[in-house]
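Residue numbers (UniProt numbering), protein chains in the order written: chain A, 1 to 212; chain B, 1 to 212. These notes are about the structure you will find just below.
Number of protein chains: 2
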Amino acid sequence: MRVHGYSVSGNCHKLRLLLAQLGRDHAWVEVDSSRGETRTPEYLAKNPAGKVPMLELDDGRVLVESNAILHFLADGTPFLPVDPWQRAQALSWMFFEQYSHEPYVAVARFIRGWTPLDSPRRADLPRLRERGHEAFAVMERHLSARPWFTGDDYGIADIALFAYTDVAHHGGFELSPYPAIRDWLARVRATPGFIAMPDPASENAALIAASN
Amino acid sequence: MRVHGYSVSGNCHKLRLLLAQLGRDHAWVEVDSSRGETRTPEYLAKNPAGKVPMLELDDGRVLVESNAILHFLADGTPFLPVDPWQRAQALSWMFFEQYSHEPYVAVARFIRGWTPLDSPRRADLPRLRERGHEAFAVMERHLSARPWFTGDDYGIADIALFAYTDVAHHGGFELSPYPAIRDWLARVRATPGFIAMPDPASENAALIAASN
């Protein structure tokens, strides 16, 4: 089993984290999507959408979309509950993550760290930050009453939401108004086998540091 | 079981279509999200995110996110395969729908039909149309080789992608370059128990007709 991913992408790190915590052997194929490596003819032949992450089985079949891959890998493990209602709630949070969180929290991070300081896309940052804070408010409300997003235990909805929340500061987000989120981030970091996402490369870190 | 939904929302119609095809009894509570009816204290008490659709069980528990609800309702029925790999592919397409299709195809429709002709949001339409066509290109490629999105049979990934594709013209999309998509739309409309989404109200239809 191979994961094609860009190590500093939260969507890709989700898979690395789950696989580490499951103790599942896999090969990691580094694909730097910020340098066009998902747009080569070879890559597009496997994944016409030209995105990471991509799971490739030994027989060549591929699966895309980070949260669909998390769900596939976690099924039958303690990272996805058996109870149908709890499973549904886990999926609900994972759709929330992709629709109401990632397009703001992850995109703000990308713009600050992976586009030039004079990029016109930076004009989007105030709106992205506003919508990102709306997502954090929803998460804070949930976490004020419960320790995890997936039923009674840590699981894939937590992994999905953790990935970009833990690096929200790269996007210019301040999490001090969200004590329940900060406590939850600490709980996730303390789970057995946890591994953190690597830091961005120095040029990306420099752009983040120089951003408004 | 009650579904709270706005009948002319594709995300809501997904549930009405699946429930009709499953023959499952349910009450439909009309909530016009375009008139603030998801922002009342009563609604927010049930769903703090203030969105439709929402599934409410008889005991008061609620589930949000249209595709998570589809998955919950379809599990154990012919609308969601049993095979783990096919189930994963169905989820993959449903995440594609929410990340790479709905934010362009549905949002363009909303802007054209539900915002004033002088709305500043209309400046987004060219970019939304470009990204929507990228989603259609991915769908066309898939459908050129296979009849459905979920394994070998019609299922919830088809329902998820059908909802806004079938009304893409409301967003100013022309589907003539996509013969495989058009054939698939016709196949979906011919499935047993199919019901179409109602037409937008006359004021919304008038805005659509007057839009660029």
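Beta carbons: idealized from backbone N, C-alpha and C, even for Gly. Note that the structure is a prediction, hence the values are computed from the model and not measured.
Query: Nonlocal neighbours in the same chain, by C-beta distance under 8 Å from G151/A, ignoring five residues either side; Result: P81, D83, Q86, Q89 and A90
Query: With 16 other Cβ atoms within 10 Å as the buried cut-off, status of S119/B; Result: exposed
Query: Opening and closing residue of the beta strand (DSSP E) in which W28/B lies; Result: A27 to E30
Query: Chain B contacts from the segment 93-127 of chain A (Cβ-Cβ distance under 9 Å); Result: W93, M94, F95, F96, Q98, Y99, S100, E102 and P103
Query: Rounded straight-line distance, which links the Cα of L44/B to that of H133/A; Result: 18 Å
Query: Distance cut-off 7 Å: G50/B Cβ against heavy atoms of the ligand GTP; Result: With respect to the ligand GTP, the structure shown offers nothing to examine, as it has no ligands at all.
Query: Rounded straight-line distance, which links the Cα of A68/B to that of P41/A; Result: 34 Å
Query: Option nearest R112/A by Cα separation, candidates L207/A, H101/A and C12/A; Result: L207/A
Query: Contact set for H26/B: own chain, Cβ-Cβ below 7 Å, skip 5 residues either direction; Result: M1, R2, V3 and L19
Query: Chain B residues whose Cβ lies nearer than 8 Å to that of R141/A; Result: P48
Query: Cβ neighbour criterion (16 or more within 10 Å) applied to N11/B; Result: buried
Query: Backbone CA spacing between A106/B and Y164/B [nearest angstrom]; Result: 6 Å
Query: Segments assigned alpha helix (DSSP H), at least 4 residues, entirely inside the segment 34-73 of chain B; Result: 41-46
Query: Span of the beta strand (DSSP E) around R2/A; Result: R2 to G5
Query: Beta-carbon spacing of S33/A, S9/A below 8 Å; Result: yes
Query: Three-state class that DSSP yields for L125/B in the structure shown; Result: helix
Query: Distance CB(S7/B)-CB(E37/B) smaller than 8 Å; Result: no
Query: Beta-carbon neighbours of N67/A, restricted to chain B and to distances below 8 Å; Result: L91 and F95
Query: D183/B versus T191/B: straight-line alpha-carbon distance, rounded; Result: 13 Å
Query: Chain-ordered chain A contacts of V138/B [CB-CB under 8 Å]; Result: P48 and A49
Query: Proximal chain A residues relative to H71/B, where beta-carbon distance stays under 8 Å; Result: A88 and L91
Query: Check whether G50/B and A108/B have beta carbons under 8 Å apart; Result: no
Query: Counted within 10 angstroms of its Cβ, other Cβ atoms place R141/B as buried (16 or more) or exposed; Result: exposed
Query: Short Cβ contact (8 Å threshold) for L70/B with A160/B; Result: yes
Query: CA nearest to the CA of Q21/A, picked from P78/A, F95/A, E97/A and R61/A; Result: P78/A
Query: As assigned by DSSP and simplified to three states, the class of G171/A; Result: helix
Query: Environment of D158/A [buried if 16+ CB atoms lie within 10 Å]; Result: buried
Query: Rounded separation between E203/B and H170/B - CA only; Result: 13 Å
Query: Extent of the continuous alpha helix (DSSP H) run through H13/B; Result: G10 to L22
Query: Backbone secondary structure at W85/B - three-state DSSP; Result: helix
Query: Reduced DSSP secondary structure (H/G/I, E/B, other) of F136/B; Result: helix
Query: Pair within 8 Å by beta-carbon distance, L185/A and F149/A; Result: no
Query: Interface residues of chain A facing L15/B [CB-CB closer than 8 Å]; Result: Here the premise fails: no neighbours, minimum Cβ distance about 13 Å.
Query: CB contact below 8 Å: P41/A versus chain B; Result: no
Query: DSSP-derived helix/strand/coil call for G193/A; Result: coil
Query: Closest residue to P147/A among L125/A, A180/A and R122/A (Cα-Cα distance); Result: A180/A
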